[in-house]
Amino acid sequence: MINAPPFPSPPRLPGYDFIRVLGSGSTAVVLLYAHHTPSRHVAVKVSDPAAGSLAASALRHEAAVMARLPRHPHILRIFDSGCTDDGRAYIVVDYAEQGALADLLRHGPLPCARAVDVGVRLASGLYAAHRCGIIHHDIKPSNVLIGTRGLPILGDFGVSRDIYADHPAGHSPPWAAPEVLRGTSAGDEASDIYSLAATIFAMLAGASPYEHGYRPRCETELIASILGKPLPHIGRDDVPADVERALRMALDKNPGDRHYSALEFARALQRAQHASGFPPTPVDAENTPRYPDDLQRCVSGGFRRCDGSDGLDERNGFRGLDERDAFRRRKGRGMPRPSRSDTSHPTAALSTCPARSRHRAKTLAVIVAGTAVSATVAAIVACTVMVFMDAVPSPTGSRIDVPRGNGGYRLRAPDEALVQTAGTGGSIRVAPGGTLQKEVA
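Numbering (this note's numbering), first residue to last: 1451 to 1891.
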């Protein structure tokens, strides 16, 4: 059923059929369309004619920025862009049917494992954008979308700027870094990392850091708290100290004391996952290991889902946002298995490091045993050869070389009464008639 749009009419786009309105803002409207070939639903962002030419210009800028972004599972894809017959700019992007992260947070904070999992995935997408020279400038829950398979997608690059731009871009105070609010920075990688960390904080606390900690009554009080008050704690017993430590570093008021890149932030979260008993989430970045070096051995065996599959998609990400959420790595027999009754957070099992170590120990034992057997067989063969060498013809005056080694001897002359052995501690007696005789020392 087609819903009536709040503007004169939806644009007619060749190859697309209008379905309904998804949402609207001050300068643009987002519409749901059906794409003919390939058959799929897409979101079409159209500039609002009431906002004038500036709205169309801003949307064209957003399309240009998104065209520079790499194809990444956690960055919103752009399929098409252009201008309608009546002069409205539009862009065609992925349709995130599960809505925005902000919608999810209206139901309350997320489980810790899920929040950190989302954080690692978004950090890897942000790192990919930074490598292309693009600063997002406005990371917040409403700009994080949830895709078809439950994976987070970093979207809304409408206020994004080049990494070297020195003019300020738009920002949202609850999520903005102190230096941006203070006006001493136009925004850079460090301020994006701060905004991402504030978003992860909100997934755990239910609100942005300083709204959660100080309950400001207005934006002025909020900004004053961000600039002048200590960073609040999350206040949840189930959030491990390693997780909060990684977030607090990314939320440091001094940008120089934060993680120096989004990748380093992702690595810090991965290590916090491992230290907390959560299976680390893989980082998806070109020419970059999925896990830090110190965790490679622990995760190289892969993870198993409760349905028996490996949880991997066709590329290199996990199928769902929460298939590993309820998992806790078992460190001993006393730790129970994860409950399989929580359908909202399916469990997964991990081939842990101790199990792999035991397997390697068994393999090593088999190799050592095989080597010992081989050595024993070689010794028996050598002794057998020496038995047959107890009577070796020795022409008078000749020099006979017998292979050295276990039981190997060397005869210098057939008329010598006793010749020292070559490396065994025994001796050779030359019997009348010129033959070798072995004598044990």
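In this text, a Cβ means the ideal position worked out from N, Cα and C, and glycines have one as well.
Boundaries for CYS1562: no beta strand (DSSP E) harbours it, while the alpha helix (DSSP H) harbouring it runs 1562-1581, taken from the DSSP string. Under DSSP, VAL1594 forms a beta bridge with LEU1604. Closest in C-alpha terms to GLN1720, from the list THR1598, ASN1704, SER1574, ALA1500, comes SER1574. The C-alpha of VAL1566 is placed about 18 Å away from the C-alpha of ASP1702. According to the DSSP assignment, VAL1515 belongs to no beta strand (DSSP E) but to the alpha helix (DSSP H) extending over 1503-1518.
Within the model, the alpha-carbon separation for GLY1706 versus PHE1468 is close to 48 Å.
The segment 1691-1702 makes contact with the segment 1645-1658; the number of CB pairs closer than 8 Å reaches 3 or more. Distance from SER1531 to ALA1513 at the Cβ level is roughly 4 Å; contact confirmed, criterion being Cβ atoms closer than 8 Å. The distance from the Cβ of HIS1621 to that of ASP1642 is about 11 Å, inconsistent with a contact at the 8 Å cut-off. Taking C-beta atoms as the reference points, SER1474 and VAL1480 count as a pair closer than 9 Å.
The continuous beta strand (DSSP E) containing ILE1541 extends over residues 1539-1544.
Judged by their CB atoms, GLN1548 and LEU1595 are nearer to each other than the 9 Å cut-off. DSSP places LEU1526 in the coil class of the three-state scheme, outside both helix and strand.
Residue environment for LYS1495: buried (at least 16 other C-beta atoms within 10 angstroms of its C-beta).
Comparing C-alpha distances from ARG1698 to each of ALA1674, LEU1463, PHE1728, TYR1660 shows the shortest one belongs to TYR1660.
In the structure shown, the three-state DSSP call for PHE1728 is coil.
ARG1708 sits buried, since 16 or more C-beta atoms from the chains shown fall within 10 Å of its C-beta. Each residue's CA atom was taken as its position, placing PRO1730 and THR1487 some 38 Å apart. Judged by DSSP in its simplified three-state form, ILE1469 adopts strand.
In this structure, LEU1646 lies away from ALA1579, with their beta-carbon atoms at least 9 Å apart.
Cβ neighbours of LEU1631 within its own chain (closer than 7 Å, five residues either side excluded): PRO1623, ILE1673, ILE1676, LEU1677.
Bridge partners of ARG1490 according to DSSP: HIS1485. Bounds of any alpha helix (DSSP H) do not take in LEU1745, whose DSSP letter is neither H nor E.
Taking all protein chains in view, the Cβ of TYR1545 is crowded by 16 or more other Cβ atoms within 10 Å, so the residue is classified as buried. Take GLY1663, set aside five residues on each side of it, and the residues of its chain with a beta-carbon closer than 7 Å to its own are PRO1682, in chain order.
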